[in-house]
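Everything on this sheet refers to the single structure shown next.
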Amino acid sequence: MTASGSRLALPLAALFVAFFVAPLMVLLLLSLHADVAMKTWTLDNYTKFITDRFNYSILIDTLLLGVKATLVCLLFGYPIAWLCARASARWQSVLLFLVILPILTSVVVRTFAWIVILGRQGVLNQIALGLGLVHEPLKLLYTETGVVMVLAQVQMPLMVLPILTVLSKMDPNLADASRVLGAGEWRTLWKVTLPLSLPGIIAGCILTYSASITAFVTQSLIGGARLIYMPLNIYQQAVGANNWPFAAAISIIFMVAVIAVVAVLNRLASASETYGRT
Amino acid sequence: MGARSSIRWDAVSIKLVFGLLSAVALVFLMAPTVIVLITSFTASQSLKFPPESLSLRWYAALWDADQMQRAAWNSLVIAFWTTLISVVLGTAASLAIARGQSKLVRAADVLFMSPLLLPALAFGFAALIFINKLGFTPSILFLVLGHVVVCVPFVLRTTLAALSQLDPALLEASESLGGSAWMTFRRVTLPLISSGVGAGGFLAFMASFDNVPVSLFLADERTEVLPIHLWQQIETNLDVRTAAASGLIVIFTLVLMLVAEKFAGLTQQMR
Amino acid sequence: MTSSIERRSFSRRTLIKGAGASTLALAAPSLVSSLAWGQSKTLVAATFPGTWSEADRQIILPAFKQQTGAAVTQSIVLGTDQISRLVAAKGNKPPFDVAFFDSPQVIDAVRDGLISEYPVAQSPNYRDLLPGAQDKWGPKITMQVIGIGYNPNKIKTPPTSWEDLWDPKYKGRVGLTALNSQLGIAFIAELNRIKGGTDDNFEPAFKALRELLPNVGAIGANLGAFATLWQQEQIDIAPYNFNFVQTLKGKDVPVEFAIPSTGPVGWSTSLHLVAGAAEPELAVKYIDLHLAASIQEQMLKPPYDVIPTNAKVKLEGAITKSLAKSQEDLAKVRTLDWAKLNPQRGALIDRFNREIKV
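Protein chains in written order, with numbering that gives the first Met the number 0: chain A, 0 to 277; chain B, 0 to 270; chain C, 0 to 357.
Take a look at the structure:
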């Protein structure tokens with residue numbers, strides 16, 4: 000394409016450089032100073048984070064939280080995508096509509112709904128107690144289990160859509176061939192479908208993972224005061240303690256961690272894409 | 000004979016297991032929204048489900064909720080401008096990326112998509128510091144710019160997908176018949192990618208309307224947006240009006256989605 | 000096939016064009032003015048979560064609108080966070096025009112130049128205030144008192160002392176609130192005093208806190224979450240603020256207030272004109288409205304039970320039943336040494352977060 004064609008990307012590129020790259024650069028710079036006026040250089044903010052068990056335990060907890068939420072999403076999201084890919088066009092639209100609707104509804108609204116559901120007298124406990132599954136109300140609100148549940152629900156569409164894309168494009172002849180050759184459905188799933196849909200699974204995991212660990216509203220509303228994750232930590236340091244340089248350092252560390260995980264997953268994705276072509 | 004019956008059992012069991020998991024997942028997906036809607040019709044002051052008696056009083060109370068209405072209006076205006084800018088700049092960039100082969104264009108693609116993966120909270124905070132260092136105060140302009148950064152990836156994704164379906168022969172034909180680049184775009188390209196652009200615009204609108212991490216830092220009381228206002232209401236006093244406002248948002252989203260589905264084939268774009 | 004695409008995209012195109020044109024027409028007003036909801040001026044005033052934001056919204060805002068025609072945007076922020084935001088905005092336009100502080104914050108605000116002296120001459124209701132409530136940096140509009148909140152349905156005999164919280168029979172039922180609120184800090188400070196600590200040594204308080212943790216059912220990250228805990232009956236006993244208890248009672252939440260044997264702890268709350276406010280005249284009128292006898296009488300009624308500071312307003316209702324019979328009694332409520340506590344606030348919050356982290 001001509002050079003004039005690629006110039007069409009200039010306006011957006013200009014905006015991104017001015018208002019995305021530049022602020023991130025400033026964030027990095029600020030994290031290396033001791034004060035907002037940026038007069039003294041220092042690595043203190045970073046050493047403070049790394050040497051303090053409290054601080055890096057927050058990072059580990061956050062990264063693990065993402066893993067748990069992603070796994071739950073995968074467990075429930077793959078079946079939906081699998082069924083959707085096999086449904087008729089009309090049912091597909093309906094199912095997709097139902098899957099997309101939650102993610103377009105305000106995250107505050109959805110998280111708020113969970114407060115009503117998970118509380119001591121909430122719906123879940125009413126059902127569990129009513130069915131005799133438990134003798135005492137379950138403590139779900141302000142626990143990590145509760146946070147994982149809500150995160151999984153809130154982010155599930157991000158897992159379903161990429162998997163569905165891959166499953167829809169998959170050559171149905173492959174599964175048929177497998178069946179004709181005598182493999183049962185489960186074996187076909189395990190040996191043919193799953194490996195071929197791996198790129199979609201990984202894409203879904205990447206999106207779900209990054210969304211889960213940065214889900215500020217959900218983590219703080221459902222997690223409460225005792226479960227501190229990185230987003231709340233950044234917010235508390237930035238707005239509550241007004242400690243901008245430290246908050247900047249935490250933000251940079253957080254971003255690097257996310258990029259690292261995503262990069263690893265991306266590598267897996269490219270590796271898995273060649274799998275189906277052998 | 001034996002092989003046939005074992006396959007039947009397999010097919011049934013897999014459909015059963017996946018069906019069950021999907022059913023649970025779908026209930027899981029739908030339940031919160033439905034419960035919020037039903038709870039918003041409660042007549043009492045507390046958020047118990049199921050509500051003991053029903054009433055429209057909390058929806059009526061929204062009529063007096065001046066600040067919430069101001070916040071809702073702000074959110075709409077900001078979402079409108081964000082969508083407009085995102086669609087214009089995003090479509091242009093998509094054209095460049097879809098046909099460009101250079102490394103620079105590839106890099107631009109990664110850059111434009113990165114806000115989807117990076118913690119938006121960190122970006123919001125970075126933007127605040129940036130504005131502060133430049134000597135400005137947060138204002139609508141910066142709020143919209145911040146929203147554009149995190150919303151334009153949606154436009155890019157759907158528009159690029161639509162462009163990839165475009166047959167280049169059509170464009171060549173138009174140009175060989177004497178059409179200028181702009182005319183080719185206006186009369187050939189744009190109509191064919193309009194669903195993609197429309198779906199992307201819709202997603203950008205909702206992403207802006209619902210945005211919390213960027214608004215948390217770039218919006219203040221004078222530019223209060225609805226999700227932040229609702230979040231603060233939940234944090235400060237568990238008001239049932241929040242449930243009513245939530246109910247309205249759900250209905251609003253549903254209606255917009257139906258419109259997007261009808262006119263831009265939203266679910267087709269997401270496949 | 001091509002023609003049907005053309006036809007579909009043609010009609011879609013026309014529709015999109017039409018929709019786009021009409022939306023642009025509707026949104027033609029500029030970015031800034033399109034945010035003006037109504038033509039009146041707006042004052043941005045800070046207020047505390049819970050009782051005060053609700054009382055302000057129900058009583059003050061309509062009265063203010065009637066008096067001045069201006070709308071008020073509430074900034075519902077804790078006192079300490081207000082200070083943070085004012086410090087962050089120093090040199091630029093402040094995020095709100097009226098500050099709502101507890102006595103500890105006033106010390107910091109005056110020192111950092113965040114508030115202006117209150118123009119007494121422009122405030123007609125000022126002279127009706129009790130002498131103790133008059134202050135050149137901003138009048139005191141009420142007093143807050145903390146004690147023990149409990150669920151009367153679950154706890155039949157009212158608790159009598161802070162030690163009751165440690166009683167094993169309340170395992171998993173005790174609530175706490177984070178130290179970002181005055182309620183949290185006051186509780187820790189009072190706990191420290193009871194356990195023999197001093198303003199320089201908080202170890203006794205944190206030791207007692209560690210011993211309390213097995214009893215703790217939930218810790219509210221903020222006052223709204225804390226109110227939710229009561230409403231959903233996740234906790235049955237906790238340190239709580241007198242006014243918040245009354246407001247929750249007004250919402251049919253089962254909660255009562257009990258004064259511990261060691262006596263209540265309290266502090267005063269005041270309104271201030273922020274330095275560099277966008278609407279200084281409206282700000283003064285807003286503050287002055289809070290001082291009027293008629294307004295304070297309304298705020299005194301349930302479910303707010305806001306303690307008045309206007310000499311013309313008689314104490315009545317829940318205040319006289321549970322707290323004090325007269326203003327003289329209220330003046331005797333013990334307060335803490337904020338000048339000593341303030342500098343430690345950051346360290347206390349940090350320490351608290353470490354102790355409670357799961």
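All residues carry an ideal CB built from backbone N, CA and C; glycine is no exception.
Model, not experiment: these values are computed from the prediction.
*Buried versus exposed, by CB contacts within 10 Å (16 or more), Lys102/B*: exposed
*asked:* Do Ala44/C and Thr308/C have their beta-carbon atoms positioned less than 7 Å apart in this structure?
replied: no
_Is there a C-beta anywhere in chain C that falls below 7 Å from the one on Ser245/B?_
no
*For Gln38/C, which residues from the same chain have a beta carbon less than 6 Å from its beta carbon, with the 5 sequence-adjacent residues on both sides left out?*
Interpretation of Gln38/C is limited by its pLDDT of 48, a score under 50 that renders its predicted location unreliable; the figure taken from the coordinates is listed afterwards. Once the five neighbours on either side are set aside, Gln38/C has no close Cβ partner at all.
*Going by beta carbon distance, what residues of the same chain come within less than 8 Å of Pro137/B, once the five residues before and after it are set aside?*
Leu127, Ile130, Phe216, Leu217, Ala218, Asp219 and Thr222
_Checking 7 Å against the spacing of the C-beta atoms, do Thr158/B and Gly199/B come in under that value?_
yes
*How about His289/C and Leu270/C: do their beta carbons lie closer than 7 Å?*
yes
_Rounding to the nearest angstrom, what Cα-Cα distance links Pro212/B and Trp80/B in this structure?_
18 Å
_Please report the distance separating the alpha-carbon of Val244/C from that of Lys138/A._
24 Å
_Strictly below 9 Å CB to CB, what residues from chain C border Ile34/B?_
By Cβ distance, chain C contributes nothing, its closest Cβ being about 14 Å from Ile34/B, past 9 Å.
*Closer than 8 Å by C-beta to Thr32/B: which residues in its own chain qualify, once you throw out the five before and the five after it? Chain order, please.*
Val249
_Does the contact criterion of 3 or more C-beta pairs under 8 Å hold for the region 127-143 of chain A versus the region 197-213 of chain A?_
no
_Any beta carbon from chain C within less than 7 Å of Gln66/B's own beta carbon?_
yes
*Which same chain residues, not among the five before or five after Ala35/C, have their C-beta less than 7 Å away from its C-beta?*
Below a pLDDT of 50, predicted positions are generally treated as unreliable, and Ala35/C, at 47, falls in that range; the measurement from the model is reported next regardless. Cβ within range, chain order: n/a, list empty.
*Measuring only between beta-carbons, confirm whether Pro94/C sits less than 7 Å from chain B.*
yes
*Can you name the start and end residues of the beta strand (DSSP E) that Asp101/C belongs to?*
Val97 to Asp101
_Taking the beta carbon of Leu55/B as the centre, do at least 16 other beta carbons fall within 10 Å, making it buried, or is it exposed?_
exposed
*asked:* Determine, for Arg98/B, whether the minimum Cβ-Cβ distance to residues of chain A falls below 7 Å.
replied: yes
*Specify the secondary structure class of Leu34/C as computed by DSSP and reduced to three states.*
Any answer about Leu34/C is weak, because its pLDDT of 49 lies below 50 and its placement is not dependable; what the coordinates show is given next. The answer is helix: DSSP assigns Leu34/C an H, G or I state.
*Val257/A to Gly177/B, Cα distance in whole Å?*
50 Å
_Quick check: is the beta carbon of Pro28/C nearer than 7 Å to any beta carbon in chain B?_
In this predicted model, Pro28/C has a pLDDT of only 42, less than 50, meaning its place in the structure is not dependable; the value taken from the coordinates is given anyway. So, not an interface residue.
*How long is the line joining the alpha carbons of Ile139/B and Ser74/C, rounded to whole angstroms?*
18 Å
_Is the separation between the beta-carbon of Ile233/A and that of Ala246/A shorter than 7 Å?_
yes
*If we cut at 7 Å on Cβ distances, does Val191/A have a partner in chain B?*
no
*Is the Cβ of Glu184/A closer than 7 Å to any Cβ of chain B?*
yes
*Identify the contact partners of Ser177/A in chain B, using a Cβ-Cβ distance below 7 Å as the criterion.*
Ordered by position in chain B, no residue passes the 7 Å Cβ test against Ser177/A, which lies about 11 Å from the chain.
*Measure from the alpha carbon of Lys40/C to the alpha carbon of each residue in Thr67/C, Leu175/C, Ile58/C and Glu296/C, then state which is nearest.*
Thr67/C
*Helix, strand or coil for Ile306/C per DSSP?*
coil
*Length of the line joining the Cα atoms of Asp9/B and Ala263/B*: 39 Å
*Does Thr79/C come within less than 7 Å of chain B when only Cβ atoms are used?*
no
*Does the region 164-177 of chain C touch the region 247-259 of chain C, meaning 3 or more C-beta pairs lie closer than 8 Å?*
no
*On the three-state DSSP scale, how would you describe Trp266/C?*
strand
_Just to confirm the assignment: which complete beta strand (DSSP E) runs, minimum length 3, are found wholly within the region 186-262 of chain C?_
215-219, 236-240 and 255-257
*Which residue from Ser321/C, Lys311/C, Ala310/C and Ile218/C puts its Cα closest to that of Ile355/C?*
Ile218/C
*Exposed or buried, what is Gly145/B when buried is set at 16 or more other beta-carbons lying within 10 Å of its beta-carbon?*
buried
*In whole angstroms, what is the alpha-carbon distance linking Ala112/A and Asn124/A?*
14 Å
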